[in-house]
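*Asks:* Got a structure for you, questions after.
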């Protein structure tokens, strides 16, 4: 199965809204800007894309729009995980038929399945499609950890399970993953501050929300390591740290959408229960954005819900 293109900075795009509706025109504009800035792949309807706020039809619409807009220039990874297996299967089959290069499938949230439940869930999904699957482990949101031994079982049963996105602050998990699953496993960071360390362990790349606002720098971080320029990559890692931290002062993607609004890239709307950051945190975000040259120091706050 061809997975060589699934490497680098795979930006997890926000889903732009305007007056409560999905703004597909702005989504296309964001994709063009990302590609012009060097991002290595486009991911939609993952956590940063507010999938829980979208209907199944809206998620399919966003996935199809992204695939059409990218036109094969880079891989498109569709976030297809949902609470129910039936919805996850529907979205994953849709992504496959629409021409996605891979699906990103989160461990089911809220229900806290056992490791055996995770094994059966993911193997049933993988056997129903041929699309490469990247499993998404984010214990902070789902309250369950996909253990390396469980992923190894899944991969032995299903060759189209090609990788895992680890949004896991237990960084020892990454070494255990390679040990249990083999060096050919594509491991991606879902923790912004761990993108550079993961590359040093042999990771394939990362899905970093920061790439929404600093796409060129996030792409360069990967490219520097591939070129063996580790000292420069380390310096860029620290250069990105302030933004990485600022974008998570409140629940993602509120801060990301606020900064994109300051930059004039989107109308900074979210769907309830998510809202834009507090006035105090908006001031901090404006200051950090100005530090990176994204806005002027005196930039006005964008108009949007929660402002």
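Residue numbers (the working numbering): 11 to 317.
Here a beta-carbon is modelled for each residue, glycine too, at the ideal position from N, C-alpha and C.
Nothing here was measured: the structure is a model prediction, and the numbers come from that model.
For residue 177, which of 218, 74, 212 has the nearest alpha-carbon?
*Replies:* 218
*Asks:* In terms of residue numbering, what span does the beta strand (DSSP E) encompassing residue 22 cover?
*Replies:* 18-22
*Asks:* Who does residue 5 pair with in a DSSP beta bridge?
*Replies:* Coverage of the chain is limited to positions 11 through 317, which leaves residue 5 absent and any answer about it impossible.
*Asks:* Quick one: any contact between the region 223-230 and the region 44-52, if contact means 3 or more CB pairs under 8 Å?
*Replies:* yes
*Asks:* Let's test the definition: count the other Cβ atoms within 10 Å of the Cβ of residue 174 and tell me whether it reaches 16, buried, or not, exposed.
*Replies:* buried
*Asks:* Can you find a CB in chain D that lies within less than 8 Å of the CB of residue 128?
*Replies:* This model lacks chain D altogether, as it is built from one protein chain only.
*Asks:* What are the start and end residues of each continuous beta strand (DSSP E) run of 3 or more residues lying completely inside the region 241-290, in chain order?
*Replies:* Correct list: empty.
*Asks:* Go ahead and pull the three-state DSSP assignment for residue 196.
*Replies:* strand
*Asks:* Mind checking whether residue 284 and residue 63 have CB atoms under 8 Å apart?
*Replies:* yes
*Asks:* Grouping DSSP H, G and I as helix and E and B as strand, with all else coil, what is residue 214?
*Replies:* When secondary structure is reduced to three states using DSSP, residue 214 falls in the coil class, being assigned neither helix nor strand.
*Asks:* Is the distance from the Cβ of residue 30 to the Cβ of residue 59 below 8 Å?
*Replies:* no
*Asks:* With three or more beta-carbon pairs closer than 8 Å as the criterion, would you say the region 101-111 touches the region 72-85?
*Replies:* yes
*Asks:* Could you tell me which of 277, 286, 207 sits nearest to residue 247, measuring between CA atoms?
*Replies:* The candidate whose alpha carbon is nearest that of residue 247 is 207.
*Asks:* Given this structure, state the Cα-to-Cα distance separating residue 276 from residue 243, to the nearest angstrom.
*Replies:* Looking at the backbone, the Cα of residue 276 and that of residue 243 are separated by about 30 Å.
*Asks:* If you check the beta carbons only, do residue 116 and residue 200 fall under 8 Å apart?
*Replies:* no
*Asks:* From the DSSP output, read off the bridge partner residues of residue 28.
*Replies:* 31
*Asks:* Under 8 Å Cβ to Cβ from residue 188, same chain only, skipping five residues before and after it: list those, please.
*Replies:* 195, 197, 211, 212
*Asks:* Indicate the three-state DSSP secondary structure (helix, strand or coil) for residue 72 in the structure shown.
*Replies:* The three-state reading of DSSP puts residue 72 in helix, counting H, G and I together.
*Asks:* Ignore the nearest five residues each way along the sequence and tell me which others in residue 234's own chain have a CB closer than 7 Å to its CB.
*Replies:* 242, 243, 246, listed in sequence order.
*Asks:* Note down, in chain order, each residue of its chain lying with its Cβ closer than 7 Å to the Cβ of residue 61, except the 5 sequence neighbours on either side.
*Replies:* 55, 69, 89
*Asks:* Can you give me the C-alpha to C-alpha distance between residue 16 and residue 289, rounded to a whole angstrom?
*Replies:* When rounded, the distance between both Cα atoms is 38 Å.
*Asks:* According to DSSP, simplified to helix, strand and coil, what is residue 86?
*Replies:* For residue 86, the three-state secondary structure derived from DSSP is strand.
*Asks:* What's the call for residue 169, buried or exposed, on a 16-neighbour Cβ count within 10 Å?
*Replies:* exposed
*Asks:* By DSSP, does residue 54 sit in helix, in strand, or in coil?
*Replies:* Strand at residue 54.
*Asks:* Nearest by alpha-carbon distance to residue 86: which of 261, 20, 302 is it?
*Replies:* If we check each option's Cα against that of residue 86, 20 comes out closest.
*Asks:* Mind checking residue 72: buried by the 16 CB within 10 Å criterion, or exposed?
*Replies:* buried
*Asks:* Looking only at its own chain, which residues have a Cβ that is under 7 Å from the Cβ of residue 66, when we skip the five neighbours before and after it?
*Replies:* 97, 100, 101, listed in sequence order.
*Asks:* Are the CB atoms of residue 305 and residue 272 within a distance shorter than 8 Å?
*Replies:* yes
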